[in-house]
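Undergrad: Before anything else, here's the structure in question.
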């Protein structure tokens, strides 16, 4: 079993070593995996905006694709120790906060989290059981705990999941699926129909 801190540091380093060309290539491959999946038929998608300084996957391409398909987009904003959720449209203005996270400025807040079909979750690495390691602040675990069971929790990552297990804490909520450049992995008792 791997410790979270060790894996967090290792995969931050691995991600930082990716070239700009590799980032673009992998982000496009992940988007193409999604386009060819059953997930793309759903309607309301909660998606994080990429932190460029952390070399996160370019989710703007996902957003453009989903808007083109007339899907609803929800984006998060950190408020104290929690995430708030806002409806994204082509009129939404975005600014970079003190953690270099893009966040909405003029969007309407979504109060009914039951409307969300899919949550795309940022992460550094996951394991064969869908357990994941993020940045360690716990924003997503608090948010995911409030969602109905039917809401799909999908990680998107440059790296496939590890064969060994990651250290798990009681509040950790696993992924249902992981989309990486070469495949979609299922960990779910919550399959897409």
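In my numbering, the protein residues as written are 121 to 313. The C-beta atom is built at its ideal place from N, Cα and C for all residues, glycine as well.
#1: Compute the beta-carbon to beta-carbon distance between residue 290 and residue 250, rounded to the nearest angstrom, for a pair I have assumed lies under 8 Å.
#2: Within 10 Å of its beta-carbon, does residue 165 have 16 or more other beta-carbons around it, so buried, or fewer, so exposed?
#3: Does DSSP put residue 138 in a helix, in a strand, or in coil?
#4: Quick check on residue 209: buried or exposed, where buried means 16 or more other Cβ atoms within 10 Å of its Cβ?
#5: Report buried or exposed for residue 296, applying the criterion of at least 16 other Cβ atoms within 10 angstroms of its Cβ.
#6: List the DSSP bridge partners of residue 224.
#7: Can you name, in chain order, every residue of its own chain whose Cβ lies under 7 Å from the Cβ of residue 150, other than the five neighbours on each side?
#8: As a quick exercise: from 227, 253 and 136, pick the residue whose alpha carbon is nearest that of residue 212.
#9: May I have the straight-line CA-CA distance separating residue 269 from residue 237, to the nearest angstrom?
#10: Would residue 245 be called buried (16 or more neighbouring beta carbons within 10 Å of its own) or exposed?
#11: Do you know whose CA, among 126, 124, 140 and 147, lies nearest residue 279's CA?
#12: Taking residue 181 as part of the alpha helix (DSSP H), name the residues at either end of that continuous run.
#13: State the DSSP-derived secondary structure class of residue 248, mapped to helix, strand or coil.
#14: Hey, how far is the Cα of residue 180 from the Cα of residue 141?
#15: Apart from the five residues just before and just after residue 171, which ones in its own chain have a Cβ nearer than 7 Å to its Cβ?
#16: Do residue 167 and residue 194 have their C-beta atoms within less than 9 Å of each other?
#17: Does the beta-carbon distance from residue 233 to residue 267 come in below 9 Å?
#18: Under 8 Å by Cβ, that's how I've got residue 258 and residue 128 pegged, so tell me the actual separation to the nearest angstrom.
TA: For this structure:
#1: Rounded, the Cβ-Cβ distance is 16 Å, inconsistent with contact.
#2: buried
#3: coil
#4: exposed
#5: buried
#6: 214
#7: 177, 276, 299, 300 and 301, listed in sequence order.
#8: Ranking the options by Cα distance to residue 212, first place goes to 227.
#9: 10 Å
#10: buried
#11: 147
#12: 179-188
#13: coil
#14: Roughly 16 Å between the two C-alpha positions.
#15: 220 and 221
#16: The answer is yes: Cβ separation under 9 Å.
#17: yes
#18: About 13 Å separates the two Cβ atoms, so there is no contact after all.
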